[in-house]
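>
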Amino acid sequence: MTLPMGRAMREVFGETVAAMADEDPRIVMLDGDLGSSTKAEIFERAHPERFLPMGIAEQNMLGVAAGLATMGLIPYISTFVSFALIRPLDQIRVLIAQTGLPVKITAGYAGLFTGMAGKTHQVVDDVSIARAMPGIVVVSPADDIEAAQVLRWSAEHPGPVYIRLVRDATQRLFDESYAFRFGEAVVVREGGDVTLLSTGAQTPRVVDAADLLADAGIQAHVVHLPTIKPMDVGAVVSAAERTGRVITIEEHTVIGGLGGAVAEILSEHRPTRVDRIGLPDIYTESGPNDALLDLYGLSATRVAEQVRRTLDAG
Amino acid sequence: MTTLPGMAAPLDADEQARLEDVARRIRVEVIRTVNHARGGHLGGPLSAADILAALYFRILRIRPDEPDWPDRDRLILSKGHSSIGLYAAMALRGYLPLEELATFDAVHSRLQGHPDMNLLPGLDMSTGSLGMGISAGVGIALGARLTGRDCRTFVILGDGECQEGEVWEAAMVGARYGLDNLVAIVDHNKLQQYGWPGASAEHRRPPEEPGELAAKWSAFGWRVLEMDGHDMAAVVATLEATTRPEGRPVAVIAHTVKGRGVSFMEDRYYWHTRILQPEEYAQAMAELGEPVGSAEGEAR
Chain A
53 MTLPMGRAMR
63 EVFGETVAAM
73 ADEDPRIVML
83 DGDLGSSTKA
93 EIFERAHPER
103 FLPMGIAEQN
113 MLGVAAGLAT
123 MGLIPYISTF
133 VSFALIRPLD
143 QIRVLIAQTG
153 LPVKITAGYA
163 GLFTGMAGKT
173 HQVVDDVSIA
183 RAMPGIVVVS
193 PADDIEAAQV
203 LRWSAEHPGP
213 VYIRLVRDAT
223 QRLFDESYAF
233 RFGEAVVVRE
243 GGDVTLLSTG
253 AQTPRVVDAA
263 DLLADAGIQA
273 HVVHLPTIKP
283 MDVGAVVSAA
293 ERTGRVITIE
303 EHTVIGGLGG
313 AVAEILSEHR
323 PTRVDRIGLP
333 DIYTESGPND
343 ALLDLYGLSA
353 TRVAEQVRRT
363 LDAG
Chain B
511 MTTLPGMAAP
521 LDADEQARLE
531 DVARRIRVEV
541 IRTVNHARGG
551 HLGGPLSAAD
561 ILAALYFRIL
571 RIRPDEPDWP
581 DRDRLILSKG
591 HSSIGLYAAM
601 ALRGYLPLEE
611 LATFDAVHSR
621 LQGHPDMNLL
631 PGLDMSTGSL
641 GMGISAGVGI
651 ALGARLTGRD
661 CRTFVILGDG
671 ECQEGEVWEA
681 AMVGARYGLD
691 NLVAIVDHNK
701 LQQYGWPGAS
711 AEHRRPPEEP
721 GELAAKWSAF
731 GWRVLEMDGH
741 DMAAVVATLE
751 ATTRPEGRPV
761 AVIAHTVKGR
771 GVSFMEDRYY
781 WHTRILQPEE
791 YAQAMAELGE
801 PVGSAEGEAR
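Protein sequences appear in the order of chains A and B. Here this note's numbering is used: the first residue of the first sequence is 53, the next is one more, and so on. Here this note's numbering is used: the first residue of the second sequence is 511, the next is one more, and so on.
(1) Using CA coordinates, which residue listed in Ser290/A, Thr222/A, Lys91/A and Leu164/A is at the minimum distance from Ile56/A?
(2) Compare the C-beta of Gly623/B with all C-beta atoms of chain A and state if any pair is closer than 8 Å.
(3) With Asp697/B as the anchor, note down where its beta strand (DSSP E) starts and where it stops.
(4) Near Pro577/B, which residues of its chain fall below 8 Å by C-beta distance, leaving aside the five closest residues on each side in sequence?
(5) Which bits of chain A does Asn628/B rub up against, with CB to CB less than 9 Å?
(6) Going along chain A, which residues have a C-beta under 8 Å from Leu652/B?
(7) What residue range does the beta strand (DSSP E) around His765/B cover?
(8) Helix, strand or coil for Val617/B? Go by DSSP, reduced to three states.
(9) I'd like the ranges of any alpha helix (DSSP H) spanning at least 4 consecutive residues and lying wholly in the region 76-143 of chain A.
(10) Does the Cβ-Cβ distance between Lys91/A and Phe132/A come in under 8 Å?
(11) Can a CB atom of chain B be found closer than 8 Å to the CB of Ala109/A?
(12) Please report whether the beta-carbon of Ala646/B lies at a distance below 8 Å from any beta-carbon of chain A.
(13) With distances taken from CA atoms, which of Ser773/B, Arg714/B and Leu692/B is nearest Thr752/B?
(14) Under 7 Å, CB to CB, which of the residues in the region 577-597 of chain B have a partner in chain A?
(15) According to DSSP, simplified to helix, strand and coil, what is Ile270/A?
(16) Identify every residue that forms a DSSP beta bridge with His209/A.
(17) Which runs of the beta strand (DSSP E), 3 residues or longer, sit entirely within the region 646-698 of chain B?
(18) Can you list the residues of chain B that Met123/A reaches, using a CB-CB cut of under 8 Å?
(19) Work out the CA separation of Leu363/A and Ile301/A for me, nearest whole Å.
(20) At a Cβ cut of 7 Å, what residues of the region 128-140 of chain A count as close to chain B, listed as they run along the chain?
(21) Establish whether the CB of Asp142/A and some CB of chain B are separated by less than 8 Å.
(22) Any beta-carbon of chain B closer than 8 Å to the one on Val80/A?
(23) Need the endpoints of the beta strand (DSSP E) that His782/B sits in, please.
(24) Give me the Cα-Cα distance between Val240/A and Phe226/A, rounded to the nearest whole angstrom.
(25) From the beta carbon of Leu147/A, is the nearest beta carbon of chain B less than 8 Å away?
(26) Could you give the DSSP three-state label for Ala70/A: helix, strand or coil?
(27) Go to Thr362/A, then tell me how far its alpha helix (DSSP H) extends in each direction, as first and last residue.
(28) Less than 8 Å between the beta carbons of Met737/B and Ala764/B, yes or no?
(29) In chain A, what lies closer than 8 Å to Met742/B by C-beta?
(30) Which value, in whole angstroms, describes the spacing of the CA atoms of Tyr230/A and Met283/A?
(31) How big is the Cα-Cα spacing for Glu806/B and Glu609/B?
(32) Going by beta carbon distance, what residues of the same chain come within less than 7 Å of Glu293/A, once the five residues before and after it are set aside?
(33) Under 8 Å: do the region 648-666 of chain B and the region 572-589 of chain B share three or more Cβ pairs, one atom per stretch?
(34) Could you work out which residue in Ala651/B, Gly649/B and His624/B is closest to Leu640/B when comparing CA atoms only?
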């Protein structure tokens, strides 16, 4: 069985923040000249007076956001990961993370799906970088349903947040009964042979891979970690205890991201073998989405293959 | 309600003398504190002392006993390494006890090497990495407009700081939004920490030619005013002229002397930061009219 397709998180971003702003006059949108790509244009149509073009000047944009936040406003950021986190990293560190001002860094085009823009736009180390910075929480929703809930939660969170949003439609993992809870992991499939931990839009592909593994007689226990920082230590430890064997799978470098965080936790709390599936220490290339997932071993089929190979290797 | 009774009154001789003495006392506290801490910046705080005196004791609409008053004017020291000058001005204005300056740079102090808004009430933004304060100032000025507050925002930048690209990103956006509630004051002392080679080993110079900075701010759409940043009458008159809204932000180019007030520091790039020798300390304090050994000099 394959999970159905959901809506693109960027559409959800524009619609949800616009709807939030209907009820919350504190919400403003800062756009780094990409509103037509991030779908912040939906916000602009609903609230033109609170849509603030900032031009192609992202260091300033993050600084302006900090200033706006001191005036009681809640700024959301409309640009891509590369320009929302990487280029203005020092501004985030000094003006947002060190101050704790409630700037919502909603980073579009997370992961490999960048409309074939290639390695300049495919930031595959953002989790490692954001996670290492004191004062910022990191959230990576799995699908459109969860993304909408994460966005609604973010306005209530008192401090800065870093949220990863995917450009294109991805598979839908949850239904409307789902309730995102900040800092909590979600068991999305029960099994006793191996624990698969994932985050973001990779989780639905891991659930599909688990179905393929079940066909081969391997019952995987799949846990989704939407909040990467702070990580749900108890859930990670109990998921490791469940099978005694942990594999992390992420659309991200294996250095310092989800796999790194899980290895840190388990080595300290419950030493368990951890294998990490994800991008190796390389820069990626442009291509159609499905081709990229296949190339980098992140499609359901390729994940299932890699899990079997890992388990076979002992 | 406002900072001082009669704040809007013309600058008479007594008021000018009073502000000049505030500037002198800021310089005294800067020298005393950096000497006590055995480290800290000197040249930049001294060049900005007259501007800080005018702002805190005449220009800013503030309530030191209510530092988070929502309608207060905001001040951001974008050149955050001159923090001791800011702390001295704030202490003299009543935001913190004068004695607390002795904790500058010590652990657990509210007076960090660069300003931390979460530690010291009255700081409107944390700064320290150059180029950022002006962006935050644009955000505050824009936020004031969006929230309907008539407060004004002042940002003090260094001239070396204007080499940061972010400053010009902020200048572009501030002008685009026509933020006439925003004033950038550039402490144009023509020296930076190391700069470019000058006429001799003793001399270093900035990258720009005279007049360039004013032309740049003007080219970015800002209303530009220039002043002698050590002539108190000129400082007050210029900063008071910024209140006239003209639909665009104002850049005040303050022509200053790095290390102003201490003869052997003036125009010497290497006094950006430097530890004072005992005889240098004594001479600096004497030149500032606060000889070491006087009652006040020994008080701390």
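No residue lacks a Cβ here, since even glycine has one placed at the ideal position from N, Cα and C. Nothing here was measured: the structure is a model prediction, and the numbers come from that model.
On the basis of the supplied data:
(1) For the sequence presented, residue 56/A should be read as Pro rather than Ile. Taking only the C-alpha atoms, the option nearest Pro56/A is Thr222/A.
(2) no
(3) Leu692 to His698
(4) Tyr605, Pro631 and Gly632
(5) Gln150, Thr151 and Gly152
(6) Leu104, Val116, Gly119 and Leu120
(7) Val760 to His765
(8) coil
(9) The region 76-143 of chain A contains these whole alpha helix (DSSP H) runs: 87-90, 92-98 and 110-122.
(10) Contact: no.
(11) yes
(12) yes
(13) Leu692/B
(14) none
(15) coil
(16) Partner(s): none; His209/A has no beta bridge.
(17) 663-668 and 692-698
(18) Gly649, Ile650, Gly653, Ala654, Leu656, Thr657 and Arg659
(19) In this model, Ile301/A and Leu363/A are separated by some 14 Å (Cα to Cα).
(20) Within the region 128-140 of chain A, no residue qualifies.
(21) yes
(22) Chain B, which has a Cβ nearer than 8 Å to the Cβ of Val80/A, makes this yes.
(23) Taken as a continuous stretch (DSSP letters only), His782/B belongs to no beta strand (DSSP E), as it is neither H nor E.
(24) 9 Å
(25) yes
(26) helix
(27) Ala352 to Asp364
(28) yes
(29) Result: empty, since nearest Cβ-Cβ is about 30 Å, beyond 8 Å.
(30) 19 Å
(31) Low confidence applies to Glu806/B: its pLDDT is 45, below 50, so where it sits in the model is not reliable enough to give any reading.
(32) Arg322
(33) Yes: at least three Cβ pairs fall under 8 Å.
(34) His624/B
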